[in-house]
Amino acid sequence: MLTPSAIGTAIAAHRIRERRRWHAIFLFLLIALVSFVLDVATGPSMLSPAAVVSSIFRIGDSDAMTDAIVMSLRLPMALMALVVGAALGAGGAQMQTLLNNPMASPYTLGMAAAAGFGAALSLYFGGFGLEPMISVPLGAFIFSMLAAAFLFALSAMRRVSGETIILGGIALLFLFQSLLSLLQFLSSPELAQQILFWLFGSLTKTTWPTLAITAGVTFVSCLILLGYSWKLAALRMGEARAASLGVNVSRLRIEVLAVVAIMTATATSFVGVIGFIGLVAPHIARMVVGEDQRFYLPMSLLAGAVMLSAASVLSKSIVPGALFPVGIITAIVGVPFLLWLIFARKRSL
Amino acid sequence: MIHLDSVEIRRGGQVIVSDLSAHLQPGHVHAILGPNGTGKTTLLRALFGELPISSGRIRLGDLVMAERPPSHWRDHFSYMSQDNNADVALTVLEVVVLGRLGKLQLHIDDEILTLALEKLQETGILHLADRYIASLSGGQRQMALFAQVLMREPKAMLLDEPCSALDMKHQMSLLELLVQETRRNNWTSVVVLHDLNLAAQYADRLLVLGGGRCQAFGAPADVLTPELVSKTYGVPVEILHDSAGHPVIQPVRPRTISFHREAS
């Protein structure tokens, strides 16, 4: 017997859940904004948040000095922190979904190590006659995509599970790390220093054009991923069940992996290796909004943006006047955070 | 209507199912029975187009599958596998809504929600709608996954041991619902069961597999003879009858002399 009122109540409960998730997303958006303003304000010469806002929006009278610092130096870096964090968060989220494994991320699958090796190779050979501004990111991008191609090939094979792909990714990670060490061993001390500096992911290399490219790629990629929302949610129910719900699993895996690879490779090419955001942001999103992909993807993206932006603020304020590479900060803060998330999850189950 | 014409299925070079022919009718529930490892799941997966058949052919209405299933073959099937793990942060309602995967937009409208909630009400777990699927017991999860396959609008329903985690009451309500919906929607339903007595009560036709071959196919009362069951399962049985006339299979304990050792 059907009782319409019980169903009405359940629909209302579902709508409330949806609204709560919207609130959480809105809250993270606010945090991202605050962190962004602080990020612009922090640096060798401290600015007040009010001065930052008035300078960005050109309201009131601001002095030329502040405008110059904000517009040409800090604004692109602060925006880059948000965009790269978003790309890594969203990319990690979809890798975890795709491979059905909470340990998947661009970093653990060896794509970041491959990018590092590509950048180092490009530095070692003097950029192959190209400007270093172009040749280093290009090298990083090409090798990152090569690593992804290997993962594609694995996932295109029949009877290869998500776990096998993870193991393949870990093998890649070790391969490229040892190749990188070899290259550093062969390099002159100055060159080794340059390579090392690239490996510490850092936002200081940001320019307006690199920001525009990264933002454009990330935006388009996330829109495409949002279109796959329901198929990806079905995939999280297990590959066999997704197939029985009408998903072409190997095709979905290749398409999403391609989008994720391009998005994260682009981000990594311009800022270097930044670990843990791709791993941790999806865990935060899962805890806050669950895995309904319509909320999980935006939330992972925002959590990543907030994390990298906050890490950027931190990197400038630990020692006033000095700037630590942000990649080191995310790694140091990321590890205990990841451990906490893992144990918190165990307790809740 | 599903026609199986001398179907053979091999896996890893080994013949799992051979020379199987049967007509499965719409509006009927067909139970596949047989001992462990005799190809019940293999047959179901082949019907779903997940495993290739090595010879023979399978027809669903006008669609013909020989070796490989034609495109859209799976669109006509609902398939529930044995595996009822779901370690995912989705609510039961979201899981059931996924049954309509092809028709989902970014916004779920009230119509689909209502449909999904009706399925939950029919399966008796409406009160769990807002819970995470990973937090449910095995049996509750199995009911939720059954609600999910009900959401599809198939021509044929394939269920692989849908009752394995359920208590007696829920086994009965699941099968009762399956029978009702099969009649109402004219589905061709195929369900792998281990419990012969449940099969005898709820299925219209039984297909008994033994050693990858069809041992018997027909109405429960005709199929479930002591000889057939003893031969197929390798245990002596008696067939009793309940008050409604359904056969009840009673395994007979071998009467060997047992020695009781004194406690020392």
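As you go down the protein sequences, you meet chains A and B in turn.
Numbering of the first sequence is given in the working numbering, commencing with residue 1 and proceeding in unit increments.
Numbering of the second sequence is given in the working numbering, commencing with residue 1001 and proceeding in unit increments.
Even glycine gets a Cβ: it sits at the ideal position worked out from N, Cα and C.
Cβ contact annotation for Asp1005(B) (same chain, cutoff 8 Å, sequence separation greater than five): Ser1021, Gly1056, Arg1057, Ile1058 and Arg1059, in chain order. Residues of chain A with a Cβ closer than 7 Å to the Cβ of Val1088(B) are, in chain order, Arg236, Met237 and Glu291. Boundaries of the beta strand (DSSP E) harbouring Ile1032(B): Val1029 to Leu1033, taken from the DSSP string. Neighbours of Thr1114(B) across chain A, judged by C-beta separation under 8 Å: Ile7 and Ile11. Looking from the CA of Gly201(A), the closest CA among Val83(A), Asp63(A), Val220(A) and Thr268(A) belongs to Thr268(A).
Below the 9 Å Cβ cutoff, chain A contributes Gly238, Ala240, Arg241 and Ser244 as neighbours of Ser1081(B), in chain order. In this chain, the beta strand (DSSP E) harbouring Glu1008(B) covers Ile1002 to Arg1011. When the five nearest sequence neighbours on each side are left out, the beta carbons in the same chain lying within less than 7 Å of the beta carbon of Ala233(A) are those of Glu291, Asp292 and Gln293, in order along the chain. Among the residues of chain B, those whose CB is under 9 Å from the CB of His14(A) are Thr1091, Leu1093, Glu1094, Ile1108, Leu1113, Leu1117, Ala1129 and Asp1130, following chain order. Apart from sequence neighbours up to five positions away, the residues of its chain that approach Ser1078(B) with a beta-carbon distance below 6 Å are Val1149, Arg1152, Pro1154 and Met1157, ordered along the chain. Secondary structure remark: continuous alpha helix (DSSP H) runs of at least 4 residues inside the stretch 1178-1220 of chain B, in chain order: 1196-1202.
Annotated as distal: Glu163(A) and Asn248(A), with beta-carbon spacing of 9 Å or more. Looking at the DSSP output, Phe1077(B) bridges to Ala1156(B). Here Met1065(B) is bridged, per DSSP, to Ile1058(B). Annotated as proximal: Ala1219(B) and Asp1204(B), with beta-carbon spacing under 9 Å. Residues of chain A whose Cβ lies closer than 7 Å to the Cβ of Glu1161(B) do not exist, since the nearest Cβ in that chain is about 14 Å away.
Taking 8 Å as the upper bound for CB-CB distance, Ala93(A) and Tyr296(A) are in contact here, some 6 Å apart. In the DSSP assignment, Glu1050(B) falls outside any beta strand (DSSP E), carrying neither H nor E. Cβ-Cβ distances below 7 Å link Val1088(B) to Ile1133 and Ala1134 in the same chain, with the five nearest sequence neighbours on each side left out; the list follows chain order.
Three or more beta-carbon pairs separated by less than 8 Å are not found between the stretch 176-193 of chain A and the stretch 249-256 of chain A, which leaves the two stretches without contact. Rounded to the nearest angstrom, the gap between the Cα atoms of Ala78(A) and Arg17(A) is 33 Å. Straight-line measurement puts the Cα of Leu1047(B) at about 10 Å from the Cα of Trp1073(B). Inter-segment contact for the stretch 4-15 of chain A and the stretch 281-288 of chain A is absent: fewer than three beta-carbon pairs are separated by less than 8 Å. Residue contact with chain B for Val160(A): absent (no Cβ-Cβ distance below 9 Å to any residue of chain B). Chain B places no beta carbon closer than 9 Å to that of Lys316(A), leaving this residue out of the contacts. Within the stretch 1037-1067 of chain B, the residues whose Cβ lies closer than 8 Å to some Cβ of chain A are Phe1048 and Glu1050, listed in chain order.
Close to Gln1142(B), with beta-carbon spacing below 9 Å, lies no residue of chain A; the smallest spacing is near 13 Å. For Leu1101(B), a Cβ of chain A is located within less than 9 Å of the residue's own Cβ. If one requires a minimum length of 4 residues, the alpha helix (DSSP H) runs lying completely within the stretch 94-133 of chain A are 111-124, in chain order. A distance below 7 Å between beta-carbons, with the five flanking residues on each side excluded, links Gln1140(B) to the following residues of its chain, in chain order: Ile1125 and Leu1128.
If you draw a straight line from the Cα of Gly1102(B) to the Cα of Gly246(A), it is about 7 Å long. Shortest Cα-Cα distance from Leu1206(B) to any of Ile1108(B), His1028(B) and Met1001(B) involves His1028(B). Across the stretch 1183-1214 of chain B, no CB contact with chain A closer than 7 Å is found for any residue.
In the three-state DSSP reduction, Leu82(A) falls in the helix class (H, G or I). Residue contact with chain A for Gln1148(B): present (Cβ-Cβ distance below 9 Å to some residue of chain A). Spanning the alpha carbons of Leu1240(B) and Lys1040(B) requires a straight line of approximately 26 Å.
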